[in-house]
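To start, the structure under review is shown below, and the notes come after it.
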């Protein structure tokens with residue numbers, strides 16, 4: 006069975022995870038999203054619905070009527086304003102946290118208390134005491150907490166790293182500009 010996944014924070018970074026990391030995954034089913042800002046919540050819910058169906062809608066474009074018909078066959082995620090309510094109701098196996106950094110430690114700890122594995126964008130916390138508390142809670146829980154680094158797992162970046170390190174296709178990189 007697919008892993009029941011929730012997304013906490015569906016702004017720019019949460020949308021990026023939906024579009025580039027989770028889209029069309031055969032391993033996950035995005036069952037719920039949580040965001041305190043209504044426009045982000047709605048966009049996240051729509052993106053999650055399309056991600057479950059494996060249909061890519063370019064950023065800023067509207068889905069075609071044909072795409073909408075296809076996507077109706079897939080699970081439509083539930084949207085929440087309160088992530089704690091989502092954790093309590095959805096029976097999630099894991100969450101992706103893409104909220105502002107000052108919220109990470111608290112949300113991670115709440116997820117662990119709910120028995121949920123966590124993938125969180127950096128940083129794990131904004132202070133050393135909170136970071137140590139999160140690590141301690143994770144160790145006690147036996148659950149996985151993975152801290153992501155922006156674009157570290159993106160296939161395009163991985164390809165460039167492989168070509169520059171392993172294949173020597175690009176040669177020695179001396180400068181990069183984004």
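Residue numbers (the working numbering): 6 to 183. A virtual CB, placed ideally from N, CA and C, is assigned to each residue, including glycine.
Pairwise C-alpha distance: residue 14 and residue 126: So the two alpha carbons sit approximately 10 Å from each other.
Beta strand (DSSP E) segments (min. 3 residues) lying fully within the segment 106–145: Correct list: 122–126.
Contacts around residue 97, its chain only, beta-carbon distance under 6 Å, and the 5 residues preceding and following it disregarded: Correct list, in chain order: 9, 11 and 121.
Same chain, Cβ closer than 6 Å to residue 101, five either side skipped, listed in chain order: 12, 22 and 124.
Best match in 107, 149 and 146 for proximity to residue 133 [C-alpha to C-alpha]: Of the candidates 107, 149 and 146, the one whose C-alpha sits nearest the C-alpha of residue 133 is 107.
Under 8 Å between C-beta atoms of residue 139 and residue 150: Using a Cβ distance threshold of 8 Å, residue 139 and residue 150 count as a contacting pair.
Assigned exposure category for residue 161 - 16 Cβ within 10 Å defines buried: With fewer than 16 Cβ atoms within 10 Å of its Cβ, residue 161 is classed as exposed.
Contact set for residue 174: own chain, Cβ-Cβ below 8 Å, skip 5 residues either direction: Apart from the 5 residues on each side of it in sequence, residue 174 sits with its Cβ closer than 8 Å to the Cβ of 168 in its chain, given in chain order.
Of the listed residues 45, 115 and 52, nearest to residue 72 (C-alpha basis): Of the candidates 45, 115 and 52, the one whose C-alpha sits nearest the C-alpha of residue 72 is 52.
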